[in-house]
Every structure is written in C-alpha cells, then in structure tokens.
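Taken in order, the sequence shown gives residues 677 to 1046; the numbers are from our numbering.
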Amino acid sequence: MIKREEGFTLVELLITMVVFVLTIAAATGIFVPILTQFKQQSKIAESNIEGIIGLELLRKDIEQAGFGIPWVVPTAVSYNEAAAAPASLYNDSPSDPPRAILSGDDAGTNGSDYLVIKATSVSTSEPTVKWTYVTGTGGGGSTVHIWGNTTEDLVSGLDRVIVIIPSRGENNQKVLVNDGASFYDIFDSANFPAGFAPATSNDRYLVYGVDSVNLRMPFNRADYYISTTNVPPRCAPTTGVLMKGLINHGDGTRNPEIPLFDCVADMQIIFRSDTDDDGVIDNEASDISGLTANQIRQQLKEVRVYILAHEGQKDATYRYQSNSIYVGADETIPQALNLGRNFDLTPIADYQNYRWKIYTIVVKPDNLRG
C-alpha cells in the first residue's frame, strides 16, 4: 500500500517567506513614521506644559515686584546683595533703597536680557509667603497679630523678619525699622523685640517674613537669565534654559537656580511707563536701570517679556520658513517696535528643523506702590 505524504514544497515556503517579509516591511514603513511623529508630538506637548508652568511663575513674580520692600533705608543700615558679576551689577547695596525691578539690556546669553526682581515674596523659602502686623500697646509693650493657621503664621524662633513702618512723612514713605544693630530679627510672637515694635499706643507696623536663615539684605531677590549649563539634549545648539536664580542670603550667589523653560534662544524685555503721572503710558524702554527706586515705583505701569524658544525636538521633516525672527514689541505698541531685535537663526545648526515660537507675557506690577 502506498502511503500518501502531504506538505509544502520548497517553492511554496520561499513564496510564503517573501510575502511575510514584505508584510513586515510594509508594516514597519507605516509604524516608524507614526512612532516618530508620536515622539515629536509628545515632546511638543511636554515643552508646552513646561512652558505654561514656567512662564506663569515668571508672570507671578513680576506681578509681585516690590512686595514687602522698604522705600526708605535709614542711614544707619547697611546691607549686602549679590556677591559677584553679573548679578552684582544690579545691586542697590549697601544703603540705597532697593529698586523693585530692573534689567540688563542685551547682557545675557546670545545678547538676551537679564531680569531682576526684588520683593520679600519671590523666594521659595516658607517664610516669604507670610506676613503680619504688630501693634503698640503703650509703655513699651506690643501685640502681634496671629492669623490662627500654620500656612499663614510666622514661626517663632525660626523665621527672620523685617519690620516696615507703613507710612511716615508727607509722601507716606515705607521705612525700614532697625534696632541700631540690625535691620532684621528672629520672629517671636510672644515677646516681640522692643527695638522693632511701635513705641506709641495703637501704632501699627508691618512684619514680613524673608527667610529662615540670617539675612544679608532686607528682601529677597530673583534673577532671570538664560543659562547654557545642563541644557536638555533635545534643545537646539546655542539655546539654553531660562533660569530663576535666587540670591542666597548666606553667600550672595545665585543659589538655588530653578529651571523655568527649556530650549530658549532669546529673552527681550520692554518697560512701559507713565512719566508725567497723567494716567496714560507715554514711554517705552528696554532698560530702566538708570531710574531710582522711587521713579520706578511712580512711573512703571507695564512689563512685557518676549521669549524665543522652540517646541519639541529637532524634526528632519519640518522646515521653518525664515532664517530670522523678531523678538520684542508687536503691532499693538508700534512706538516700541525698535526696542526688540531681529534674531538671526542661521548660527544655530539645522535651525530650519525646529519649530520656533515667540512667547509673550504682559504684566501690570501692581505691588510697586502698595
């Protein structure tokens, strides 16, 4: 009896393998572009989310400029600020009243601007978000107001505070209190230091938390600049990270440094002021460092920040249509158009493969006078 055997011939196996390989190749050809696009879109979404958070922190800090800082520094008071350049170029120490906000025009990476904000509230330390008041009771006594919850109350024996007389003289100057030896003290709600308390019954002084370590200046200070250290590998060459550097009360360095926004090529700042106090903005400038603290407080009405960065990572399939981009004022304030600059992208390798974008922040610094 002949036994029948069934199976595949060599030709059939070869045909099957060829079909299988072609199918896999076709699937790969479809999948790889999809995966590449997914990765690109994920990086774009990531950079947008980071940008929203970082720029909101910057906007909030500009809005807080001037909060809690003294308008008058007594002649007996001397303080320190940033220890070394470039940060030290924006010092008001040792005895001038602090300017709430100022910048260095084209002083940073790629000719970007350098922004400085002074306020008690711009630090990350816990006492900076706290304040209270102390009321004189006569006979050298005083009473400290307690809010009644840990998120608002200053910590006795730990938090370093400054004390401000809220109004003195015909111009309602906010005067920094000192006890003859120091411009700050350690908070004590039960036994408030007599040298910082109102001497007259019913007088009320403001108490602002600054830090939990000994102070070198009667405020906190945050500097904003583009750093080229520890830049993410997805960023285009010569771009950097927009940093918030806090001037350390211990040694005057920018420490800590907080990254706000990755892949930044430029930052330009425009200040809009009312110079004649008629309620109408009549001046735009890229640098107000020549103004006094009082002039900044009285005149500055609006701060505009323009940031050039790219979304996502390099995309070989994408082509940016220009070799330059304008960073600065737009058609909404045509009188300030010459205060920005035309940023040349060509020194950046493969610049055309990045999605460049201008981010704009417009802020009214409402704490300058209040």
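Glycine included, C-beta positions come from ideal geometry on N, C-alpha and C.
Which value, in whole angstroms, describes the spacing of the CA atoms of residue 983 and residue 1000?
In this structure, the alpha-carbon of residue 983 lies about 14 Å from that of residue 1000.
Between the alpha carbons of residue 986 and residue 915, how many angstroms are there, rounded?
Using only the alpha carbons, I get a separation of about 9 Å.
What residue range does the alpha helix (DSSP H) around residue 897 cover?
Element bounds for residue 897: not the alpha helix (DSSP H) but the beta strand (DSSP E), 896-903.
Hey, out of 906, 902 and 929, whose CA is closest to residue 919's CA?
Of the listed residues, the one whose Cα sits closest to residue 919 is 902.
Going by alpha carbons, who is nearest to residue 949 out of 931, 939 and 973?
It is 973.
With DSSP collapsed to three states, give me the class of residue 699.
Helix at residue 699.
Would you mind reading off the limits of the alpha helix (DSSP H) that contains residue 969?
Counted as a single uninterrupted DSSP element, the alpha helix (DSSP H) harbouring residue 969 occupies residues 969-975.
N- and C-terminal bounds of the beta strand (DSSP E) containing residue 937
930-949 is the extent of the beta strand (DSSP E) around residue 937.
Beta-carbon separation (whole angstroms), residue 945 vs residue 981, contact threshold 8 Å
For residue 945 against residue 981, the beta-carbon gap comes to about 5 Å, under 8 Å, which counts as contact.
Can you tell me which of the three DSSP states residue 803 falls into?
For residue 803, the three-state secondary structure derived from DSSP is helix.
What do you get for residue 877, buried or exposed, if any count of 16 or more other CB atoms within 10 angstroms of its CB means buried?
Exposed.
Where the beta strand (DSSP E) through residue 1036 begins and ends:
Its beta strand (DSSP E) spans residues 1031-1039.
When you compare only the Cα positions, how much space is there between residue 742 and residue 1030?
Looking at the two C-alpha atoms, the distance is approximately 38 Å.
Express the C-alpha separation of residue 975 and residue 775 in angstroms, rounding to a whole number.
If I take the Cα positions, the gap works out to 12 Å.
Beta-bridge partners of residue 819, as assigned by DSSP:
Bridge partners of residue 819: 811.
Can you round the beta-carbon distance between residue 923 and residue 897 to whole angstroms, since I take them to be within the 8 Å contact cut?
Indeed, because the Cβ distance is near 4 Å, the residues count as touching under 8 Å.
DSSP on residue 1002, reduced to helix/strand/coil?
Assigned with DSSP and collapsed to three states, residue 1002 falls in strand.
Suppose you measure from the CA of residue 629 to the CA of residue 792; what does that come to, to the nearest Å?
Past the edges of the chain, shown from 677 to 1046, lies residue 629, and the structure says nothing about it.
Residue 814: buried (16+ other C-beta within 10 angstroms of its C-beta) or exposed?
By the neighbour-count rule (16 or more Cβ atoms within 10 Å), residue 814 is not buried but exposed.
Give the range of the beta strand (DSSP E) segment to which residue 906 is assigned.
Taken as a continuous stretch (DSSP letters only), residue 906 belongs to no beta strand (DSSP E), as it is neither H nor E.
Rank 1041, 1019, 1040 and 1044 by C-alpha distance to the C-alpha of residue 1033 and give the top, closest one.
Scanning 1041, 1019, 1040 and 1044 for the CA closest to the CA of residue 1033 turns up 1019.
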